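To start, the structure itself, in structure tokens.
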Amino acid sequence: MARGADGGEGARVWQHVFLLPEYLKDASKKMKSGLVFVKLANPCSGEGAIYLINMCLPQLFEIKVFKEKNHSWFINESVQSGGLLHFATPVDPLFLLLHYLIKADKEGKFQPLDQVVMDDMFPDCILLLKLPELEKLLRHVTEEKEVDKKKYYKYSKEKTLKWLEKKVNQTVAALKTSKVNVSARVQSTAFFSGGQVSSDKDEDYVCYAHGLISDYIPKQLSDDLSKYLKLPEPPASVRNPPSKKAKLSDEPVNAKEDYTKFNSKDFKTVKKNSKMTAAQKALAKVDKSGMKSGSTKTEKGQVTADPRKALLLLLGLKTLPKGYIQLLLHFLENHQMPKEAF
Amino acid sequence: MDLSELERDNTGRCRLSSPVPPVCLKEPCVLGVDEAGRGPVLGPMVYAICYCPLSRLEDLEALKVADSKTLSESERDRLFAKMEEDGDFVGWALDVLSPNLISTSMLGRVKYNLNALSHDTATGLVQFALDQGVNVAQVFVDTVGLPETYQERLQQRFPGIEVTVKAKADALYPVVSAASICAKVARDQAVKNWKFVEKLQDLDTDYGSGYPNDPKTKAWLRKHVDPVFGFPQFVRFSWRTAQSILETEAEDVKWEDSETGDQEGPGKIKSYFSESPQTCLRLPHRYFQERGLESATVL
Amino acid sequence: MENSYEETIDKRRVHLRPDTLRDPAPASLHLLPCEVPVNRPTPVGRFFTPAIRLGSDGLEASFRGRSLRGEEVVVPPGFVGYVMTEEKAEVLVAKQDDHEREEQELEEPPEALERDCDRFMGATASFSSFTVWGLESIPGPDAKLRGALSWPSLAAAIHAQVPED
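Chains as they are written, first to last, in full-length UniProt numbering: chain A, 1 to 342; chain B, 1 to 299; chain C, 1 to 165.
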């Protein structure tokens, strides 16, 4: 390549090709600013992903990008490498909040939302708090208490699973109408134009919808949802039950950070969150009896933020890779690899 | 020669032909096959057939047709005009293969080399004569590649016809000479009046002979190279001369079937994990994988 | 290079100028089945578009001596295609002055959203369809892209609020 990308001339601007909902165009009549791309924690991976917030409606959009090797755009009288096509589609903000609620649940207590939704890595998560009808949304996934006119929330796995079941159901309905090939066996052909789709079993649809929803929730919750929906356990996980260590590493699966870093950060949040407000202390004392037993059960299954356990996790570093590998195997058997991979 | 059909669309293949002389429908005919413009990096390649009754072969020879390469352009034009005058016993047909057709064939996923393209075009023209009702008894062909294998293939394809494939057939058999004149006249005219598909600025039509070793042709190629598009479709991209200019003067365009250093296929699964430890361990659901969709992480 | 870049922008917001979405000029887009490793002006209208032909199985063109087959695809219903570019630093300064003047008109104080280090983007063109090209064969209904274009309708179902009990 003789004349590379660095030839000068100034006009070499990166052009992003986007598909945006039409109504954003209408909203633009009313506002001078308020459309912002921010980086937030992807609730599935915990890693950063780009979201679009429309502060006027307000509404949250996720950005999916179509990316295929060896593609480029001609855009009018220019060429743009990469051939990316971005889709901004509305996303249920509850998925993103859930990520923080589950994290905060390690504290095991009711907390105000602004204490739950905070993130050193993705500080813009506080913008989520500006979204409308959060209280109504949160009812799907939390127990709430009101003290001195302030709302306190606590993650409820029981309620969350019910909510997710509804999500799965509405996804199944959409999959059926859009004729997506959900068959577990036929993997070589991505899309059918008709006919064969009808032969897909209902269970295949539920499995597929569960898989799609799982892209918006943490792994552990995905597994719990699978059990809740009584989906057949993939044979792989019977042969290879994830070890306790692997379970522990629910969080460290986030491969972006090394463990030491993760754990030290975890210490920090523990410290920060341990400063309870007076109201919280009162809550912690008062109402335990009235809470549903389900939520206490949940706590046991979760990683607690006990500093001693975190230390154990640190000490267990040597053995971790094994669990890591098992997790990986477990994951590989449950998720389809791209067909090109084989 | 009326090449207006070619001028309307010169991105593909174009067949032109004379009317079939009625005598050729009845009497056994001899048919010659030759080509022009096989070597040049510019312009079309033209395949031509010329035929006449065996009984009138002497009349064709009387025109003093000869290997087109030994004739000047004006002599070729004059001879072609004479053959047109003798349309009562001489017929011809030709296939103009645009440089774009040559490029896209030779650079295809399944490579279609120039010899195969030539053989198939020649075969197609003989078949065209037969389809028009020409009573073909003998075929003489100037060879492309090994004459023995080419002859065998043609003979198999046309069992009722006596096929002769020879090197320098255009000098040996008048009917092949006549075909070579038809091809060369068409090729020269096509190149001279080439309608560029592209809307080029400062187009220089002084492109020399079009042969890769012609300094004028080389200079023309260098002048008209575009870093993104390469050359106008007038250029045969599949020629080494063109490719080597692109390698130095143009962007390195990669296709899914481009030969690259990095491993595809089984290597890919590894790359998800070992190559970039930063990637998320959980792959997106197959719905997204099958559609090339992933969550955007940069903007 | 990309990684360090990514790190520095992590916490920077990218503002999309809403007014640029209103009526940007229509753009003609072609998605090519090859990687051209540059971003820059190039004479598409002189080299590429005049050579497009309508063949028996859709659009025909060629690029770099390779044969392309194409088809027109429309953006999903309810969506608009935009081409967006980031504003250059100079433009940004001018626009910020603009904003200071208009501050009182804004519903929200600008400091709530816009910070000094933030980036700004605007739509430069819009489209409602584009041409997708395949190498030697038409992309067709099985193409990944065609599948991707069905994402917004499924996304709407996944992310719709669930019915109350």
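Just so it is clear, CB atoms sit at the ideal spot from N, CA and C, and this is done for glycine as well.
Computed from a predicted model, the values in this text were never measured in an experiment.
> Using the beta-carbon of each residue, which ones in chain A are nearer than 9 angstroms to Trp-255 of chain B?
Replying inline: Residues of chain A with a Cβ closer than 9 angstroms to the Cβ of Trp-255 of chain B are, in chain order, Asn-70.
>> Give me the chain B residues within the contact set of Asp-215 of chain A, using Cβ-Cβ distance strictly less than 9 angstroms, ordered along the chain.
In response: Within 9 angstroms Cβ-Cβ: Arg-282, Pro-284, His-285, Tyr-287, Phe-288, Ser-295.
> Looking at the unbroken beta strand (DSSP E) that takes in Met-45 of chain B, where does it start and where does it end?
Replying inline: Segment 45 to 53, the beta strand (DSSP E) holding Met-45 of chain B.
> Are the CB atoms of Tyr-23 of chain A and Leu-101 of chain A nearer to each other than 8 angstroms?
Replying inline: In this structure, Tyr-23 of chain A sits away from Leu-101 of chain A, with a CB-CB distance that is not shorter than 8 angstroms.
> Pairing CB atoms from the region 2 to 21 of chain B with CB atoms from the region 80 to 98 of chain B, are three or more of them under 8 angstroms?
Replying inline: Flag = yes, the region 2 to 21 of chain B and the region 80 to 98 of chain B touch.
> Is there at least one Cβ from chain C nearer than 8 angstroms to Gly-34 of chain A's Cβ?
Replying inline: With a threshold of 8 angstroms between beta carbons, Gly-34 of chain A makes contact with chain C.
> According to the neighbour-count rule (16 or more other Cβ atoms, all chains shown, within 10 Å of its Cβ), is Lys-201 of chain A buried or exposed?
Replying inline: With fewer than 16 other beta carbons inside 10 angstroms of its own, Lys-201 of chain A counts as exposed.
> If you draw a straight line from the alpha carbon of Lys-218 of chain B to that of Leu-200 of chain B, how long is it in whole angstroms?
Replying inline: Lys-218 of chain B and Leu-200 of chain B: Cα-Cα distance of roughly 18 angstroms.
> Which residues bound the beta strand (DSSP E) around Pro-90 of chain A?
Replying inline: Element bounds for Pro-90 of chain A: 85 to 90.
>> Does Asp-169 of chain A come out as helix, strand or coil in the three-state DSSP assignment?
In response: First, the residue type needs correcting, since residue 169 of chain A is Asn and not Asp in the sequence shown. DSSP places Asn-169 of chain A in the helix class (H, G or I) of the three-state scheme.
>> For chain A, check one thing: does any of its Cβ atoms lie closer than 8 angstroms to the Cβ of Ser-153 of chain C?
In response: Look at Ser-153 of chain C: its C-beta is under 8 angstroms from a C-beta on chain A.
> What residue does the alpha helix (DSSP H) around Gly-124 of chain B start on, and which one ends it?
Replying inline: Its alpha helix (DSSP H) spans residues 114 to 131.
> Quick one: what does DSSP say Lys-245 of chain A is sitting in, helix, strand or coil?
Replying inline: Because the pLDDT at Lys-245 of chain A is just 37, under 50, the model does not fix this residue reliably, and the value given afterwards should be weighed accordingly. Three-state result, Lys-245 of chain A: helix.
> Which residues of chain A have a Cβ atom closer than 7 angstroms to the Cβ of Val-228 of chain B, listed in chain order?
Replying inline: What Val-228 of chain B touches in chain A: Val-79.
>> Between which two residues does the beta strand (DSSP E) holding Asn-100 of chain B run?
In response: Residue range 99 to 106 is occupied by the alpha helix (DSSP H) that includes Asn-100 of chain B, with no beta strand (DSSP E) assigned at that position.
> Between Ala-51 of chain C and chain B, is there a C-beta pair that is closer than 8 angstroms?
Replying inline: At least one C-beta of chain B is nearer than 8 angstroms to the C-beta of Ala-51 of chain C.
> Are Ser-28 of chain C and Val-75 of chain C closer than 8 angstroms when you measure CB to CB?
Replying inline: Pairing Ser-28 of chain C with Val-75 of chain C gives a Cβ-Cβ distance that is not under 8 angstroms.
>> Under 7 angstroms, CB to CB, which of the residues in the region 23 to 38 of chain C have a partner in chain A?
In response: Only those residues of the region 23 to 38 of chain C whose C-beta falls short of 7 angstroms from the nearest C-beta of chain A are listed: Ala-27, Ser-28, Leu-29, His-30, Leu-31, Leu-32, Pro-33, Cys-34, Glu-35, Val-36, Pro-37, Val-38.
>> Tell me which residues of the region 80 to 110 of chain B have at least one Cβ-Cβ distance to chain A shorter than 8 angstroms, keeping chain order.
In response: Taking 8 angstroms as the Cβ-Cβ cut-off against chain A, none of the residues of the region 80 to 110 of chain B qualify.
> Are the C-beta of Pro-174 of chain B and some C-beta of chain C separated by less than 8 angstroms?
Replying inline: Not an interface residue.
>> Among B:Pro-227, B:Glu-251, B:Ser-105, B:Val-185, whose alpha-carbon lies nearest the alpha-carbon of Leu-3 of chain B?
In response: When only C-alpha atoms are compared, the closest one is B:Val-185.
> With a cut-off of 8 angstroms, do at least 3 Cβ pairs link the region 71 to 81 of chain A to the region 117 to 127 of chain A?
Replying inline: No, the region 71 to 81 of chain A is not in contact with the region 117 to 127 of chain A.
>> Checking 8 angstroms against the spacing of the C-beta atoms, do Glu-256 of chain B and Lys-69 of chain A come in under that value?
In response: In terms of Cβ geometry, Glu-256 of chain B and Lys-69 of chain A form a close pair [threshold 8 angstroms].
> Nearest CA to the CA of Phe-80 of chain B: which residue from B:Ile-49, B:Gln-127, B:Tyr-112?
Replying inline: Shortest Cα-Cα distance from Phe-80 of chain B to any of B:Ile-49, B:Gln-127, B:Tyr-112 involves B:Ile-49.
> Measuring CA to CA, which of C:Glu-164, C:Ala-143, C:Ala-160 is closest to residue 241 of chain C?
Replying inline: An answer regarding residue 241 of chain C cannot be provided, because it is not within the stretch 1 to 165 covered by chain C.
> Closest Cβ-Cβ distance between Gly-301 of chain A and chain B: below 8 angstroms?
Replying inline: Low confidence applies to Gly-301 of chain A: its pLDDT is 38, below 50, so where it sits in the model is not reliable, and the reading given next is rough at best. So no, Gly-301 of chain A is outside the interface.
> Cβ of Phe-47 of chain C less than 8 angstroms from any chain B Cβ?
Replying inline: So yes, Phe-47 of chain C belongs to the interface.
> Can you name the residues of chain A whose CB is closer than 8 angstroms to the CB of Arg-13 of chain C?
Replying inline: Close partners of Arg-13 of chain C in chain A (Cβ separation under 8 angstroms): Val-36, Phe-37, Val-38, Asp-124.
> If the cut is a Cβ gap below 9 angstroms, which residues of chain A does Leu-221 of chain B touch?
Replying inline: Chain A residues near Leu-221 of chain B: none, gap ~15 angstroms exceeds 9 angstroms.
>> Using a 10 Å radius around the Cβ and a threshold of 16 neighbouring Cβ atoms, would you call Val-110 of chain B buried or exposed?
In response: With fewer than 16 other CB atoms across the displayed protein chains lying within 10 angstroms of its CB, Val-110 of chain B is exposed.
>> Quick check on Cys-24 of chain B: does DSSP put it in helix, strand or coil?
In response: Of the three classes helix, strand and coil, the one that applies to Cys-24 of chain B here is helix, per DSSP.
> Identify the residues that DSSP records as bridge partners of Val-14 of chain C: which are they?
Replying inline: Its beta-bridge partners are A:Phe-37, C:Arg-119.
> Any idea which residues DSSP pairs Asn-54 of chain A with across the strands?
Replying inline: Answer is A:Leu-35, A:Gln-59, bridged to Asn-54 of chain A.
> When the cut-off is 8 angstroms and only beta carbons count, does Lys-88 of chain C lie next to chain B?
Replying inline: Not an interface residue.
>> Measuring alpha carbon to alpha carbon, tell me which residue in B:Ala-167, B:Asp-170, B:Lys-168, B:Val-139 is nearest Gln-156 of chain B.
In response: Of the candidates B:Ala-167, B:Asp-170, B:Lys-168, B:Val-139, the one whose C-alpha sits nearest the C-alpha of Gln-156 of chain B is B:Val-139.
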